[in-house]
Structure formats: C-alpha cells, structure tokens
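Read in order, the letters of the sequence shown are residues 91 to 504 in this note's numbering. Structure first, then comments.
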Amino acid sequence: MNDEDKRKQLRKYKAFATGLFVLMAIIFIVTTILQKAHDSHWIGYVRAFSEAAMVGALADWFAVTALFRHPLGLPIPHTNLIENSKEKLGDNLGSFVVSNFLSPKTIRPYIQKIKISNFVGEWLNKERNQEALIKNISDIVLDILNKLDDSEVSHFISKKVSEMTDDIQLNKILGNGIIYLLDKNDHEKIVTNLSKQIKEYLIENDGMIQERVKKGSYSFIPSFVDNKIAEKIASGLSDFFREVEENPYHEIRDLITRKIYEFSNDLKENPKWNDEFKTIKNDFLKNDKLEEYSNDIWISIKKTLSTELQEEESSLKKYITKNLNEFSQNLKTDEKLQNKIDHWVRVTAYKYILKNTHQAGNLISSTVGNWQGKELSEKLELEVGKDLQFIRVNGTLVGGLVGLIIYTISHFFL
C-alpha cells in the first residue's frame with residue numbers, strides 16, 4: 091500500500107471509532123430523556139452502558155491522540171509524545187534493532203545459509219550477462235583512462251621504477267642467472283651450436299684460410315706448400331670443432347664451464363662489477379630518460395587498452411569472455427572452489443555485519459532524529475494508526491461493559 095491508500099484506510103477507521111462514540115452519546119441523551127418520563131429499569135442499564143462507553147471512548151481517544159499530537163491543539167503536558175521524544179525514540183529504536191535483529195545469535199543462521207557460488211556461476215554462464223558485465227567494466231575502465239592525467243601517471247611510473255631499481259644489484263642478478271643456466275647445462279647447447287657453426291665456417295671458407303697463409307708466408311716458399319699448410323690448418327681446426335660438437339664430454343667443454351663459473355662468481359663478488367653495472371644503470375635510467383621511457387610506455391598501454399576496450403570483438407574481450415566461461419563452469423562443478431568461496435563470503439559478511447552493527451543503530455537513530463517532529467508523527471500514524479483506532483473501539487465497548495457492571499452491582503447490592 092502507498093501512503094495515499096494508508097491515509098484513506100486511517101480515515102475510515104477513525105470515522106468508525108468516532109461514529110461509535112457519537113452513537114453512545116446519542117443513546118445517552120435519548121435514555122436520559124426517557125428516564126425522566128418513564129421509570130423502566132432497562133433504561134437505566136442502557137444509560138449506564140452508554141455513559142461509561144463515552145468515558146472509555148474519550149479516554150482512549152485522548153491516549154491515542156496524545157501519541158501523535160496535542161489533543162484539540164491544547165499543549166497539555168505529556169502529550170504529542172512522538173514529536174517531543176523523537177531523539178530518544180530514534181536512539182531506542184536503533185538500539186532495539188541492533189540488539190534484536192543484528193546480534194550474533196540472530197544473524198548466524200541466515201549467514202550460514204548463504205550459498206553465492208552457484209548463483210554467480212549460473213549468472214555468469216548466460217551470454218547476455220557476460221556481455222553486460224564486460225561492457226560495464228569496459229566503460230568504467232575507459233572512463234578512468236580518459237580522466238587520468240598522462241603526465242602524472244608517467245611520473246608515477248618513473249618514480250616507482252627508480253625506487254625499485256635503486257637497491258637492485260644487477261651484477262648479482264646476472265651472475266646468479268649465469269650459474270642457473272650452468273647448473274641446468276643449458277650452456278652445453280650453446281657450445282655445441284657454436285662449435286658446429288665454426289666447423290661449417292672453416293669448411294666453407296678454406297679459400298680464405300689459404301689466402302691468409304699465403305699472405306703471411308715467405309716469398310721463397312712454393313704456393314703448393316702454402317696450400318698444403320692451409321689445408322692442414324683448416325682440416326685440423328674443423329676436426330677439432332667437430333669433436334667438440336659431437337663429444338659431450340670433451341675437455342674443452344669442461345674448461346669452458348669452469349671459466350664461466352669463475353666469471354659468474356667474480357661477477358657476483360667483485361665490487362668493480364657492482365660499480366660498473368651501477369654506472370650503466372644510472373646512465374641508462376637518468377631522470378630525463380626515465381621520464382621519457384615511462385611516458386612512452388604509458389601512452390602505448392593507454393592506446394592499446396582504449397582500442398581493445400572499444401572494439402566489440404577485441405582480443406582482450408575474447409580473453410575475458412573465455413575466462414568468464416571457465417570461471418562460471420568451475421563455480422558450478424568444482425565443489426572445493428564452491429565451499430572456499432561460500433565460506434569466505436559467509437565469514438566476511440558475518441565479520442562485517444558484526445563490526446558495523448553500531449553503524450546501523452546510528453543510522454536509524456540519526457535518521458529518526460533528523461526527521462521533522464510532525465513528519466515523524468505522520469509517518470508513524472500512517473503505519474500504526476489503523477490498529478490504534480481499535481483501542482478506541484475496544485475502550486468504548488469495554489468502558490460500557492464496566493459501567494454496566496458497576497451500575498448493576500450498585501443497583502442490586504448497595
């Protein structure tokens with residue numbers, strides 16, 4: 091029911107209660123006149139009933155009216171109670187709600203019934219919901235991107251990069267990285283591949299070796315001798331590198347491994363390398379360059395995100411849709427995930443409600459306290475006024491019966 095319907099209902103029941111009082115008044119007047127002309131006993135009983143009923147009706151009318159306003163507009167003490175006590179009423183109402191509706195004992199059964207995982211899984215599984223969710227997220231992110239100040243964001247990025255790199259020791263990172271590759275024997279692939287490349291280069295460029303030998307040879311040595319020497323050199327070197335390539339236990343491999351280990355340890359421990367890399371880092375990440383790099387990175391990220399979020403069938407949206415589908419299926423089928431999410435929601439909701447119960451009480455108290463007194467009285471009368479009219483009706487009837495009993499006792503026994 092809206093407020094207008096409630097007003098109509100309230101007027102109807104007020105009219106009924108008032109009409110009953112008027113009826114008792116008419117009966118009292120009629121019986122009083124009749125009693126003067128006739129001495130019938132029944133007239134006295136009816137008159138006593140109507141007289142007491144009027145008193146009861148007036149008393150209860152006064153009591154009900156005093157809750158919401160001054161009866162007849164007279165500033166009688168302890169009337170218009172709601173308007174005069176609205177702050178106290180708000181405080182008591184807030185405390186009542188918190189104590190009786192937001193206590194741990196009351197809310198725990200409802201919290202334990204929460205099972206949000208299935209609902210979210212079913213909701214996300216619907217294509218129209220996915221599209222609406224992605225569109226809303228895209229609009230929010232685009233709005234944020236457009237409102238961000240590019241210079242402030244790039245400055246923030248450069249500042250964070252500078253803070254992150256201040257304590258980074260690049261020599262130790264590089265040294266540990268090399269050792270990691272050595273421990274996994276990944277360098278063996280490099281040695282094998284490099285040996286193969288050198289072997290093939292020597293075979294394919296034997297003419298160059300001959301030219302080098304002739305150039306460094308004496309003029310009196312015949313050409314066929316130089317060619318033979320060049321052939322032996324090329325053949326020997328290619329055979330050597332073939333052995334390195336084919337033999338995983340070749341001694342040169344062990345030598346290379348030891349030398350790289352020595353270099354990586356020196357790279358980690360020798361202070362000169364720390365100074366060298368720090369100088370390189372400072373040269374590379376000077377403030378002006380860092381600002382420039384950060385600005386380029388941010389502009390690139392912003393442009394890419396804006397494009398991806400605006401296109402209907404972008405890779406980003408397809409990726410999000412794919413993950414939403416996977417997540418919704420997991421929510422519907424993975425019992426462990428369901429229990430984990432539901433438990434987290436229950437615990438979080440329980441803690442949050444208990445932590446903020448006083449806020450609910452304060453909200454009720456401040457809301458009621460900030461209402462105008464007349465407005466509060468009208469609101470409450472609309473909600474409970476209809477039922478209060480039955481107090482007037484009951485007061486009329488009960489008052490009449492009590493008056494009738496008193497009249498009967500006094501007539502027969504006194």
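A virtual CB, placed ideally from N, CA and C, is assigned to each residue, including glycine.
Exercise. Can you name, in chain order, every residue of its own chain whose Cβ lies under 7 Å from the Cβ of I201, other than the five neighbours on each side?
Worked result: R436, A439 and Y440
Exercise. Got a sec, what are the start and stop residues for the alpha helix (DSSP H) R198 sits in?
Worked result: Element bounds for R198: P194 to Q202.
Exercise. Does the region 236–253 come close enough to the region 336–343 that 3 or more CB-CB pairs lie under 8 Å?
Worked result: no
For this session: Could you work out which residue in G485, T411, D432 and S384 is closest to A143 when comparing CA atoms only?
Result: G485
For this session: Answer yes or no: the CB of E352 versus the heavy atoms of the ligand NAP, is any distance below 7 Å?
Result: Of ligands this structure carries none, so the ligand NAP is not represented either.
Exercise. Thinking just about the alpha-carbon of each residue, which of A156, L113 and G180 is nearest to the one in N452?
Worked result: G180
Exercise. Of all the options T282, I443 and K203, which has the alpha carbon lying nearest to the alpha carbon of T347?
Worked result: T282
Problem set entry | Three-way DSSP call (helix, strand, coil) for L162 in this model | helix
Exercise. P361 by DSSP, collapsed to three states: which one?
Worked result: helix
For this session: Would you check if the distance between the CB atom of N364 and the CB atom of N261 is smaller than 8 Å?
Result: yes
For this session: Reducing DSSP to helix, strand and coil, say where K274 ends up.
Result: coil
Exercise. Which residue's Cα is closest to the Cα of L232: V187, G146 and E401?
Worked result: Ranking V187, G146 and E401 by Cα distance to L232 puts E401 first.
For this session: Look at the Cβ atom of R97, then the Cβ atom of L472, and state whether they are nearer than 8 Å.
Result: Cβ atoms of R97 and L472: closer than 8 Å.
For this session: Could you pull out every residue in the same chain whose Cβ sits closer than 7 Å to the Cβ of E366, ignoring the five residues on either side in sequence?
Result: none
Exercise. Going by Cα to Cα distance, which pick from L164, L478, E468 and A450 is closest to G184?
Worked result: A450
Exercise. Cβ atoms of K476 and L100: under 8 Å apart, would you say?
Worked result: yes
For this session: Tell me, please, whether the region 219–233 touches the region 321–335 by the rule of three or more beta-carbon pairs shorter than 8 Å.
Result: With the cut-off at 8 Å, the region 219–233 and the region 321–335 do not touch.
For this session: Would you check if the distance between the CB atom of L357 and the CB atom of L264 is smaller than 8 Å?
Result: yes
Exercise. Taking one C-beta from the region 150–164 and one from the region 115–135 each time, how about it: are there three or more such pairs within less than 8 Å?
Worked result: no
Exercise. Near S418, which residues of its chain fall below 6 Å by C-beta distance, leaving aside the five closest residues on each side in sequence?
Worked result: Closer than 6 Å at the Cβ level, and outside the excluded window around S418, lie G211, L214 and N215.
Exercise. Does the beta-carbon distance from V474 to G146 come in below 8 Å?
Worked result: no
For this session: Could you check the C-alpha separation between L105 and V492 for me, to the nearest Å?
Result: Sequence check: residue 105 is Ala here, not Leu. Each residue's alpha carbon lies about 24 Å from the other.
Exercise. What's the call for I280, buried or exposed, on a 16-neighbour Cβ count within 10 Å?
Worked result: Exposed.
Exercise. Per DSSP, what kind of secondary structure is E333 in: helix, strand or coil?
Worked result: helix
Exercise. Skipping 5 residues on each side, what residues in its chain have a beta carbon closer than 7 Å to that of R482?
Worked result: So the list reads A107, A147, D150, W151 and V154, once near-sequence residues are dropped.
Exercise. What did DSSP end up calling S130 once you bin it into helix, strand or coil?
Worked result: If DSSP states are grouped into helix, strand and coil, S130 belongs with coil.
Exercise. How big is the Cα-Cα spacing for K38 and N92?
Worked result: In the structure as shown, the chain begins at 91 and stops at 504. Residue 38 is therefore absent and cannot be evaluated.
Problem set entry | Coil, strand or helix - K205 by DSSP | Shown here, K205 sits in coil according to DSSP, grouped into three states, outside any helix or strand.
Exercise. Near H277, what residues of its chain come up, given a Cβ to Cβ distance below 8 Å and the 5 sequence neighbours on each side ignored?
Worked result: L271, I346, T347 and I350
Exercise. How long is the line joining the alpha carbons of D386 and L235, rounded to whole angstroms?
Worked result: 15 Å
For this session: In the DSSP assignment, find the alpha helix (DSSP H) that holds E425 and state where it starts and stops.
Result: E425 to K445
Exercise. Roughly how many angstroms lie between the CA atoms of S285 and K274, to the nearest whole one?
Worked result: Going from the Cα of S285 to the Cα of K274 covers about 20 Å.
For this session: With a threshold of 16 other CB atoms inside 10 Å of the CB of R218, please say whether the residue is buried or exposed.
Result: exposed
For this session: Would you mind working out which of L157, W132, G109 and F353 sits nearest S468, comparing C-alpha positions?
Result: Position check: residue 468 holds Glu in this sequence, whereas Ser was assumed. Selected option, being the one with the closest Cα: L157.
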